[in-house]
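Residue 1 is where the sequence shown starts when you use my numbering, and the numbers rise one by one after that.
Heads up, the thing below is written out as structure tokens.
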Amino acid sequence: MSFSETISPFFGRCAFVWFYMTAAMNILGDWHGMAETLTAKHVPLAPLVLLLVLLVMFMGSLSLLFGYHTRYGAVMLFGLTIIGAVVLHDFWRISDGAARTAELGIFARDIAIAGGLLLMVGMGPGPFAVDNRVGGKRR
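Quick look at the structure:
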């Protein structure tokens, strides 16, 4: 196995962690604004939903960072990303051209991220992961 095949899955996981933890910090930084946005999108119990979203983001990110139950963490983040894309970035309902294009871009980004998470589900976390250790030794 080449160096790039060994190290690139770890850096890919780190990129996902950075993305989701940055989003979590943005939610925490604008809690009321995010709750209002969710309420405007007809999401019931917006503060509770935000709390659950933060919990999934945190648990999924820790899973990816350490490579511990990575596939489960990736599936959780995949579900969160797909639901968030459909609920929050419903570009098909926007008539203004510029706003529609902006929402389509965010929707497409989220779908691409979800695709990367599915790759992680299928291929696993790579060699630098807790999942690949048994009894303190590498599998």
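A virtual CB, placed ideally from N, CA and C, is assigned to each residue, including glycine.
Notebook entry, point to check: Taking three-plus beta-carbon pairs below 8 Å as touching, is the stretch 89-97 in contact with the stretch 106-113?
Noted result: Contact between the stretch 89-97 and the stretch 106-113 is established, with three or more Cβ pairs separated by less than 8 Å.
Notebook entry, point to check: Sorted by chain position, which residues of the same chain lie with C-beta nearer than 8 Å to Y155's C-beta, five sequence neighbours on each side aside?
Noted result: Given that the chain is displayed from residue 1 to residue 139, the structure contains no residue 155 and the question cannot be resolved.
Check: So, are the CB atoms of G84 and G73 less than 9 Å apart?
Finding: No. Outside cutoff.
Next item on the list: Hey, could you find the ends of the alpha helix (DSSP H) R93 is sitting in?
Entry: Note, R93: premise wrong, no alpha helix (DSSP H); not H, not E.
Item checked: H32: first and last residue of the uninterrupted alpha helix (DSSP H) it sits in -> First-last of the alpha helix (DSSP H) with H32: W31 to A40.
Next item on the list: Can you have a look at I7 and say buried or exposed, based on whether 16 or more other CB atoms are within 10 angstroms of its CB?
Entry: By the 10 Å Cβ count, I7 comes out exposed.
Margin query: Suppose contacts are defined by Cβ-Cβ distances below 9 Å. Is V56 in contact with L80 by that definition?
Written below: With respect to the 9 Å criterion, V56 and L80 are classified as neighbours on the basis of their beta carbons.
Margin query: Pop quiz: P125 and P9 are said to be a contact at Cβ under 8 Å. What is the actual Cβ separation, rounded to whole angstroms?
Written below: Their Cβ separation, rounded to whole angstroms, is 6 Å, which keeps P125 and P9 in contact under 8 Å.
Next item on the list: Could you check which residue in L65, D30 and A24 has the C-alpha nearest to that of D127?
Entry: Here residue 127 is Pro; the residue named in the question, Asp, does not match the sequence. Looking from the CA of P127, the closest CA among L65, D30 and A24 belongs to L65.
Notebook entry, point to check: CA-CA distance, I94 and E36?
Noted result: Their backbone Cα atoms lie some 19 Å apart in a straight line.
Margin query: Distance check for I27 and A40, CA to CA, integer angstroms please.
Written below: One C-alpha to the other measures close to 16 Å.
Check: Does DSSP put Y68 in a helix, a strand or coil?
Finding: Coil, per DSSP.
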